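Residue numbers (the working numbering), protein chains in the order written: chain F, 1 to 515; chain G, 1001 to 1132.
Just so it is clear, CB atoms sit at the ideal spot from N, CA and C, and this is done for glycine as well.
Fair warning: this is a prediction, and the values are worked out from it, not measured in the lab.
First the structure, in the form of structure tokens, and then the observations on it.
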């Protein structure tokens, strides 16, 4: 290498160094400054002026700690950073710094040690970036996220929980605790199956809902769920699948509302409606048959009086039809009385006390004393139990059943009455709404004319007569009344019969409290 | 139709049977009028071999054992009664029952009248008219 070449190269290096310095001076987005060994500012660029607002003249020779906040001095941050840069060659940090006007900016700082040939530190290069915008955006996001989490955590009316892909509970809020009874410590990490009834678990409902949510994005369900204490609540549930950016399901959100009160109200309403419908149709039937059966004796009275008027001179004829007229009027008043009885039974809830059925039977026997004697009837009974019920109504029940047996007989009536305790499951033909539990069965058995099997249910309908009026008197209300009384006592009545051989009436009364 | 008119009244109420018979005899004493206490009895009578088919049958609706509509259904199954004119005869005319019985082939639905003269008038009309 020649001397000329060497000189050229030196000049090039000098020019390059100059260019490099100029570049640094002109950079606007980064504050790049040189510190001496002790941290005093030696050099300043446009970026530094832009970020920190000091001019070169103002700042050269000042200590770099001028940019730090009072609280940073407590733990000696500026000195610690310099020390770390000296020891390790570089120190990086992010934090709030102060501008000339006192306002703050979020600085990302890197301090690099500058060494001489002997590796002694002779100063530092400090590069600062203003990341205030990014910091504020991050902070806002974090605050918003925190607020959102807080909101979910504190929602009381909805259980909002996070499930893993396989249904493990990962998050729990106040609403979940309130509705389901578990604290977050108890429940996080367990399977969400725990809230389902054993029947639903056996049916695989929890997994079915998760797979529906996975496939369709969402699964909605209403049903009974189980609280920590074992009690049940009616939950309205929405499970929503959560996806990552590539569309893979990474978990589920599960929102549950406790609609037990609404459910109970709904069920009550449905019950009332059903009851009303029954009452309505009963009323319709009542109105029809009442008008029909009341019309009958009335019509006869008018017809007979016509006949009497037309044949007034024929004393024998007139007497015959006057008698018939009288009978029709009697029948009419009997009907009206029974109908009144029946409608009263439909309307009032009876007063319930402990009723000794032996006493009831004694009273009824006394009422029928003459008829029993006249028909040479025998009534045999085993000791009967005491039941919860209405004395007067149970009296009417016994009276109607016994009078039936006395009435529909060809020879001397022989009536036996006994009782036993049976389970709900032992009652054949029991209506669906008959509640579970223990029942007292009272059987009334007679040797009367009986009835054909197909009339087993029909005989309890209002105004349903199985026997012609020419043979057996009756209003057609008696057994309907019995049915009503037994139903008023939350019980069930049925009958079995064989034509010519007798009938058995089965009265089931619940043993439990009637309330 | 045979020379002597035959008529059957099916009714479980003895009074109503009596009133009906009285009206029929009053109108035309030659009419052979029989009674049945209910549907079962009537079907047994009508189904028996020796029994000549009546020209007219009157059926009460509310009867024990077999009601009037059921009785009408059974009567329709007896071939020899194909030409017999059948009338329902009841205290009240419930629309449902009226339609049902007409569908089953009853010619008319007679409400049991309060006045005997009304019943007589209705029967006169029936006995004098031919099949519609």
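Through-space distance from residue 178(F) to residue 461(F), alpha-carbon basis: Rounded to the nearest whole angstrom, the CA to CA distance from residue 461(F) to residue 178(F) is 52 Å.
Helix, strand or coil at residue 515(F) [DSSP, three-state]: Legend: pLDDT at residue 515(F) = 41, less than 50; position of this residue unreliable, no value from coordinates given.
Residue 331(F) at chain G interface by Cβ criterion, 8 Å: Taking 8 Å as the threshold, the shortest C-beta distance from residue 331(F) to chain G does not fall below it.
Touch test, the stretch 240-249 of chain F against the stretch 190-208 of chain F, Cβ-Cβ under 8 Å, three pairs minimum: Note that the stretch 240-249 of chain F does not touch the stretch 190-208 of chain F; fewer than 3 beta-carbon pairs, one per stretch, sit closer than 8 Å.
Terminal residues of the beta strand (DSSP E) in which residue 421(F) lies: Note, residue 421(F): beta strand (DSSP E), 414-423.
For residue 1059(G), the residue or residues it bridges with in DSSP: Residue 1059(G) is bridged to 1010(G), 1088(G).
Cβ separation of residue 508(F) and residue 495(F), assumed to be a contact under 8 Å, to the nearest whole Å: Actually they do not touch by this definition, with Cβ atoms about 12 Å apart.
Whole beta strand (DSSP E) elements within the stretch 151-227 of chain F, 3-residue minimum: Listed in chain order, they are 158-163, 169-171, 218-226.
Secondary structure, beta strand (DSSP E): runs of 3+ residues fully inside the stretch 242-290 of chain F: Segments of the beta strand (DSSP E) lying fully in the stretch 242-290 of chain F: 249-258.
Spatial neighbours of residue 1119(G) in its chain, beta-carbon cut-off 7 Å, leaving aside the 5 residues before and after: Residues 1023, 1113 of the same chain have their beta carbon placed closer than 7 Å to that of residue 1119(G), with the five preceding and five following residues left out of the count.
Boundaries (first-last residue) of the alpha helix (DSSP H) holding residue 404(F): Residue range 391-407 is occupied by the alpha helix (DSSP H) that includes residue 404(F).
Under 8 Å between C-beta atoms of residue 1036(G) and residue 1061(G): No, they are not a contact pair.
Cβ separation of residue 104(F) and residue 96(F), assumed to be a contact under 8 Å, to the nearest whole Å: The Cβ separation is near 5 Å, so the contact holds.
Option in 331(F), 226(F), 108(F) with minimal Cα separation from residue 134(F): Nearest option by C-alpha distance: 108(F).
Whole-number beta carbon distance between residue 53(F) and residue 130(F), since they are thought to touch under 8 Å: A Cβ-Cβ separation of about 11 Å leaves residue 130(F) out of contact with residue 53(F) under the 8 Å criterion.
Residue 353(F) vs residue 381(F) beta-carbon contact at 8 Å: Between residue 353(F) and residue 381(F), the C-beta gap is not smaller than 8 Å, which leaves the two residues out of contact.
Top-ranked residue by Cα proximity to residue 159(F), from 236(F), 29(F), 216(F), 457(F): Ranking the options by Cα distance to residue 159(F), first place goes to 236(F).
Paired residues, beta bridge with residue 517(F) - DSSP: No answer is possible for residue 517(F): the residues shown for chain F start at 1 and end at 515.
Assumed close pair residue 480(F), residue 288(F) - CB separation to whole angstroms, cut-off 8 Å: Residue 288(F) and residue 480(F) do not touch by the CB rule: their CB atoms are close to 14 Å apart, not below 8 Å.
Nearest residue (CA-CA) to residue 1038(G), options 1050(G), 1029(G), 1016(G): For residue 1038(G), the closest alpha carbon among the candidates 1050(G), 1029(G), 1016(G) is that of 1016(G).
Residue 1042(G), enclosing alpha helix (DSSP H) - first and last residue: 1039-1047 is the span of the alpha helix (DSSP H), which, as asked, contains residue 1042(G).
Candidates 182(F), 223(F), 35(F), of which the one nearest residue 199(F) by Cα: Per the C-alpha coordinates, the member of 182(F), 223(F), 35(F) positioned closest to residue 199(F) is 223(F).
Helix, strand or coil at residue 1034(G) according to DSSP, with G and I counted as helix: In this structure, residue 1034(G) counts as strand in the three-state DSSP scheme.
Extent of the continuous beta strand (DSSP E) to which residue 441(F) belongs: Its beta strand (DSSP E) spans residues 438-445.
Range of the contiguous beta strand (DSSP E) that encloses residue 87(F): Per DSSP, residue 87(F) belongs to no beta strand (DSSP E); it is in the alpha helix (DSSP H), 77-88.
Cβ-Cβ separation, residue 172(F) to residue 194(F) (assumed contact under 8 Å), whole Å: Actually they do not touch by this definition, with Cβ atoms about 12 Å apart.
The stretch 150-158 of chain F contacting the stretch 119-127 of chain F, beta-carbon criterion three pairs below 8 Å: Look at the beta carbons and you see the stretch 150-158 of chain F not touching the stretch 119-127 of chain F: under three pairs across the two are nearer than 8 Å.
Alpha-carbon spacing of residue 238(F) relative to residue 132(F), whole angstroms: When rounded, the distance between both Cα atoms is 41 Å.
Cβ pair count under 8 Å reaching 3, the stretch 356-363 of chain F against the stretch 317-337 of chain F: Counting C-beta pairs with one atom in each stretch, the stretch 356-363 of chain F and the stretch 317-337 of chain F have fewer than three that are closer than 8 Å, which means they do not touch.
C-beta neighbour in chain G for residue 470(F), strict 8 Å: With a pLDDT of 49 at residue 470(F), under the threshold of 50, the modelled position of that residue is not reliable, and the figure given next carries that caveat. Yes, residue 470(F) counts as interfacial toward chain G.
Contact check, residue 483(F) vs residue 493(F), beta carbons under 8 Å: Cβ atoms of residue 483(F) and residue 493(F): closer than 8 Å.
Cβ of residue 334(F) within 8 Å of any chain G Cβ: For residue 334(F), the answer is no, since every Cβ of chain G falls outside 8 Å of its Cβ.
Near-chain G residues of the stretch 306-321 of chain F - C-beta to any C-beta below 9 Å: Result list: 306, 307, 310.
Residue from 510(F), 370(F), 282(F), 436(F) with nearest C-alpha to residue 419(F): The option with the nearest alpha carbon to residue 419(F) is 510(F).
Per-residue contacts from residue 324(F) into chain G (C-beta, under 8 Å): Against chain G, a Cβ distance below 8 Å from residue 324(F) picks out 1015.
Separation of residue 314(F) from residue 470(F), as counted between CA atoms: In this prediction, residue 470(F) scores a pLDDT of 49, lower than 50, which makes its location untrustworthy; the coordinate-derived value is nonetheless stated afterwards. Roughly 26 Å between the two C-alpha positions.
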